[in-house]
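Student:
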Amino acid sequence: MTEHTSLVVGGTSGIGLATARLLRQRGATVHVVGRTERPIDPELIPHRADGGDPEQMAAVVDKIGPIDWLVVALSGAEGAGPIADLDVATLRRAFDGKFWAHLTTIRAVLPRLAPTGSITLIGAISARAAMPGTAGLAAINGAVEAMVRPLANELAPIRVNGVSPGVVDTPWWSGMPAEQRRFYFEQVARQLPTRRVATAEEVAEVVALAATNPNLTGTVVEADGGARIAALT
Ligand SMILES: NC(=O)c1ccc[n+]([C@@H]2O[C@H](COP(=O)([O-])OP(=O)(O)OC[C@H]3O[C@@H](n4cnc5c(N)ncnc54)[C@H](OP(=O)(O)O)[C@@H]3O)[C@@H](O)[C@H]2O)c1
66 MTEHTSLVVG GTSGIGLATA RLLRQRGATV HVVGRTERPI DPELIPHRAD
116 GGDPEQMAAV VDKIGPIDWL VVALSGAEGA GPIADLDVAT LRRAFDGKFW
166 AHLTTIRAVL PRLAPTGSIT LIGAISARAA MPGTAGLAAI NGAVEAMVRP
216 LANELAPIRV NGVSPGVVDT PWWSGMPAEQ RRFYFEQVAR QLPTRRVATA
266 EEVAEVVALA ATNPNLTGTV VEADGGARIA ALT
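What the sequence shown shows, in my numbering, is residues 66 to 298, in sequence order.
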């Protein structure tokens, strides 16, 4: 794997950071993008840019040169809540923060992506788990995941896959007070077939597989602890 170059957009925290570390451990040169300065492992190459900004992303891609594996792991934290309480402006921001940023990143990286390369998008199981209060998240992640199959045909032989996590213990949840988060995670764990909330490292294993396996394209891997078959409330 020594000759491969990976770009993980949203790679300075959570699932993206765990994926970046894993790909680096396996010998790839790994670039990570985030909007803010964060402490990062010295063996990862950091870039500050907004995945939703085409100029900023083009500048990053110009610096890197040819890219083999693009992983898009960014997202905002908005979009959850009962539909009656969810105003359209919030939902538009949430789409900007995830769907439009995914699309913008893909378009910016495409000119430098190797024909033998891959794109891996991170959706979420809210796209099909039917949990009340997740219609907004379902719409955003459904839109991200819906791109996978047509893009896999359109961009072939570049491979395009998605990974659809369930609840993962990452800083994404830091907006929820710690005690409330602990209670929520315990409740989720009880309802999941796996009886546990996933770690970023567990999801990263699946993301790395999707990014690197030459036989995998046009698929969304449900790395969700069985959330799609559980009656989550
Ligand atoms: N955690 C979960 O339970 C869960 C469940 C299902 C799906 N997911 C999905 O998994 C993906 C990763 O989530 P996570 O839990 O790992 O979140 P996280 O720990 O909050 O990490 C998000 C990363 O994305 C970066 N980022 C956010 N917006 C960006 C932008 N516009 N441009 C560039 N970088 C950006 C953040 O850095 P900066 O803020 O510095 O930019 C950070 O590095 C997301 O798409 C999320 O929706 C998460």
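Glycine is no exception: its CB is placed at the ideal position from the N, C-alpha and C atoms.
As the structure is a prediction and not an experimental result, all values here were calculated from the model.
Distance, Cα to Cα, residue 66 vs residue 94?
Tutor: The predicted position of residue 66 is uncertain, since its pLDDT is 45 and thus under 50; no value can be drawn from it.
Student: What does DSSP give as the partner residue(s) for residue 199 in the beta ladder?
Tutor: DSSP, once it has assigned bridges, lists no residue as partnering residue 199.
Student: How should residue 163 be labelled, buried or exposed, when 16 other C-beta atoms within 10 angstroms of its C-beta is the threshold for buried?
Tutor: Under this definition residue 163 is a buried residue.
Student: Using 8 Å as the threshold, is the C-beta distance between residue 261 and residue 290 below it?
Tutor: It is a contact, given that the beta carbons lie within the stated cut-off.
Student: Could you compute how far the alpha carbon of residue 299 sits from the alpha carbon of residue 274?
Tutor: Because the chain here runs from 66 to 298, residue 299 falls outside it and cannot be looked at.
Student: Helix, strand or coil for residue 176 per DSSP?
Tutor: Helix at residue 176.
Student: Mapping the DSSP letters down to three states, classify residue 111 as helix, strand or coil.
Tutor: It is a strand residue.
Student: If we call anything under 8 Å between Cβ atoms a contact, is residue 235 one with residue 265?
Tutor: For residue 235 and residue 265, yes; Cβs fall inside 8 Å.
Student: Can you tell me where the beta strand (DSSP E) with residue 129 in it begins and where it stops?
Tutor: Element bounds for residue 129: not the beta strand (DSSP E) but the alpha helix (DSSP H), 119–129.
Student: Assuming residue 294 and residue 228 are in contact, meaning their beta carbons sit under 8 Å apart, how far apart are those beta carbons, in whole angstroms?
Tutor: Residue 294 to residue 228, Cβ: 17 Å. No contact.
Student: Would you call the region 152–163 and the region 123–133 in contact, with 3 or more CB pairs under 8 Å?
Tutor: With a cut-off of 8 Å, the region 123–133 and the region 152–163 do not count as touching, because too few Cβ pairs lie within range.
Student: For the alpha helix (DSSP H) containing residue 232, list its first residue and its last residue.
Tutor: That residue, residue 232, is in no alpha helix (DSSP H); it is neither H nor E in DSSP.
Student: For residue 96, which option in 110, 286, 252, 170 has the closest C-alpha, if you only look at C-alpha atoms?
Tutor: Nearest of 110, 286, 252, 170 to residue 96, Cα basis: 110.
Student: At which residues does the alpha helix (DSSP H) containing residue 101 begin and terminate?
Tutor: From DSSP, residue 101 is part of no alpha helix (DSSP H); its letter is neither H nor E.
Student: How many angstroms separate the CA atom of residue 170 from the CA atom of residue 115?
Tutor: Straight-line Cα distance between these residues: approximately 9 Å.
Student: Taking only three categories from DSSP, how would you classify residue 193?
Tutor: DSSP places residue 193 in helix when its eight states are reduced to three.
Student: Identify the continuous beta strand (DSSP E) that holds residue 132 and give its terminal residues.
Tutor: From DSSP, the beta strand (DSSP E) with residue 132 extends over 132–137.
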